[in-house]
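In our numbering, the protein residues as written are 591 to 1028.
Positions of the beta carbon are idealized from the N, C-alpha and C atoms, including for glycine.
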């Protein structure tokens, strides 16, 4: 989208600006409606040309930026071309071209890796302080993430939740994450417990016991059901690894793949709270009654995770991602992240970095966690439930999971972030309507 760029690049830059401006201002009447449809068709046709190229990467990342950096609507000239100015990355860009000769209708499913960027964009972000405390002030949070129309300095990467792992609630993460207490393993534990609670038991008084064999089977079957490009994530830290080394009087422990001579000894220690580096999982182990959990479930789940991770012959090993974090916690705030429902069908969430620019935060993605619980509810109700005579309704299980998840978040947040200020960070997403074009 620069003056020296190929004609197609300049044309698509102009198209995006026009499409998103019409979307924002809702000019969908008369000739504008026809114009929007034509522009969208051209956009759909041209996007695949960039897939897998350096220009494509830049173009994909620029889609969100353009939506909040347009100067004014492009003009349609008497000769049928479109031209006008927009601002992106601090530069004034002029686009002028006729794209009709390049038009070719292509179904949205052909967009490949760039389809997600074509579905939604961030219009603005809203910051609200929910609870006062000692740490980052509201003005600092707003300066870090923005507050209002998104500027280039506050651009975020939108990802499809179904394609990314859920990372743990930890202020030491220095990469973009979509986070929830305990990461994928924490949500999996809550799902097992909620599913087990809903199963009918003879006499109607007792709760079915959860065994290690059951949890091993559940995890392996769930890993097989995951999208091929997605990992299942859990966290620990260097302090937990060091504690295991002290207990065993050893050095140089590789917790992701211990030496065969010490593996059994390490395995026995994995579920002791001092040997768990995830704050949420540590709390589940120490106080299962706070979370209304089976007292043995968290230990079973941790062992099931490491059993697969250490099995060099298992094809499922590659589905697991263990983050070993380093250093001390130093959070300055607890931030709950949500997205508007205007683009909820796309299942998008913003990737954010807990530790950057000298600031550390606890981040929890509320809507993303709920999306993952819907997936877990369907898995247990249909995949696991299909093998049992007792049936569980997936929608009811999902609602139960959400309640359990919110309660767990409240308990863990009150413990790990006591005295910190709490903020809500709401991203307003708008759809780019191209999905129905043929």
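_Candidates 735, 729, 720 and 723, of which the one nearest residue 714 by Cα_ = 735
_Residues in the same chain with beta-carbon distance under 8 Å from residue 863, minus the five sequence neighbours each way, listed in chain order, please._
872, 875 and 876
*Complete runs of the alpha helix (DSSP H) confined to the segment 939-1005 [at least 4 residues]*: 956-968
_residue 749 - containing beta strand (DSSP E), residue span_ = 747-750
_Going by C-alpha to C-alpha distance, which of 798, 878, 1014 and 888 sits closest to residue 930?_
1014
*So what's residue 1014 in DSSP terms, helix, strand or just coil?*
strand
*Would you tell me roughly how many angstroms separate the C-alpha atoms of residue 906 and residue 723, rounded to the nearest one?*
43 Å
_Using a Cβ distance threshold of 8 Å, determine whether the segment 759-774 contacts the segment 937-947, with at least three qualifying pairs required._
yes
*Look at the alpha carbon of residue 858 and the alpha carbon of residue 896, and state the distance between them as a whole number of angstroms.*
11 Å
*Within its chain, find whatever has a CB closer than 7 Å to the CB of residue 991; leave out the 5 residues flanking it on each side and keep chain order.*
780, 781, 784, 963, 966 and 967
*asked:* Tell me the rounded alpha-carbon separation between residue 657 and residue 775.
replied: Because the pLDDT at residue 657 is just 39, under 50, the model does not fix this residue reliably, and the point stays unresolved.
*Which residue's Cα is closest to the Cα of residue 918: 887, 798, 777 and 826?*
826
*Between residue 852 and residue 994, what straight-line distance do the alpha-carbon atoms span, to the nearest angstrom?*
37 Å
_Quick check on residue 981: buried or exposed, where buried means 16 or more other Cβ atoms within 10 Å of its Cβ?_
exposed
*Residue nearest to residue 928 in terms of C-alpha spacing, selected from 803, 989, 728 and 751*: 751
*Excluding the five sequence neighbours on either side, which residues of its own chain have a C-beta within less than 7 Å of the C-beta of residue 885, listed in chain order?*
878
*asked:* Give me the residue from 978, 999 and 815 with the minimum Cα distance to residue 786.
replied: 978
*Are any of the Cβ atoms in chain D nearer than 8 Å to that of residue 884?*
You won't find chain D in this structure, because it holds only one protein chain.
*Closest by CA to residue 847, which one among 770, 899 and 777?*
899
*asked:* Tell me which residue opens and which closes the beta strand (DSSP E) that residue 824 is part of.
replied: 822-827
*Same chain, Cβ closer than 8 Å to residue 951, neighbours up to 5 away in sequence not counted*: 726, 761, 921, 922, 923, 924, 925, 944 and 945
*Three-state secondary structure assigned by DSSP to residue 738*: strand
_Same chain, Cβ closer than 8 Å to residue 891, five either side skipped, listed in chain order_ = 775, 778, 779, 782, 805 and 809
*Going by DSSP, what residues sit across from residue 770 in a beta bridge?*
DSSP, once it has assigned bridges, lists no residue as partnering residue 770.
_In whole angstroms, give me the CA-to-CA distance for residue 932 and residue 1018._
8 Å
*Please go through the same chain and pick out, in chain order, the residues whose beta-carbon is closer than 7 Å to the beta-carbon of residue 820, but skip the five residues on each side of it.*
753, 754 and 755
*On the three-state DSSP scale, how would you describe residue 904?*
coil
*In the structure shown, what three-state DSSP assignment does residue 717 receive?*
strand
*asked:* Quick check: what's the CA-CA separation for residue 835 versus residue 867?
replied: 14 Å
*Under the three-state reduction of DSSP, which class applies to residue 861: helix, strand or coil?*
coil
_Mapping the DSSP letters down to three states, classify residue 753 as helix, strand or coil._
helix
_Nearest by alpha-carbon distance to residue 748: which of 717, 712, 771 and 739 is it?_
712
*asked:* Buried or exposed for residue 817, going by 16 or more other Cβ atoms inside 10 Å?
replied: exposed
*When DSSP builds the beta bridges, which residues end up paired with residue 1020?*
711
*Quick one: residues in its chain with C-beta nearer than 7 Å to the C-beta of residue 957, no 5 flanking neighbours on either side, listed in chain order?*
928, 929 and 939
*Under the DSSP definition of a beta bridge, which residues are partnered with residue 1063?*
Summary: the structure shown does not reach residue 1063, with the chain confined to residues 591 through 1028, and so no result is reported for it.
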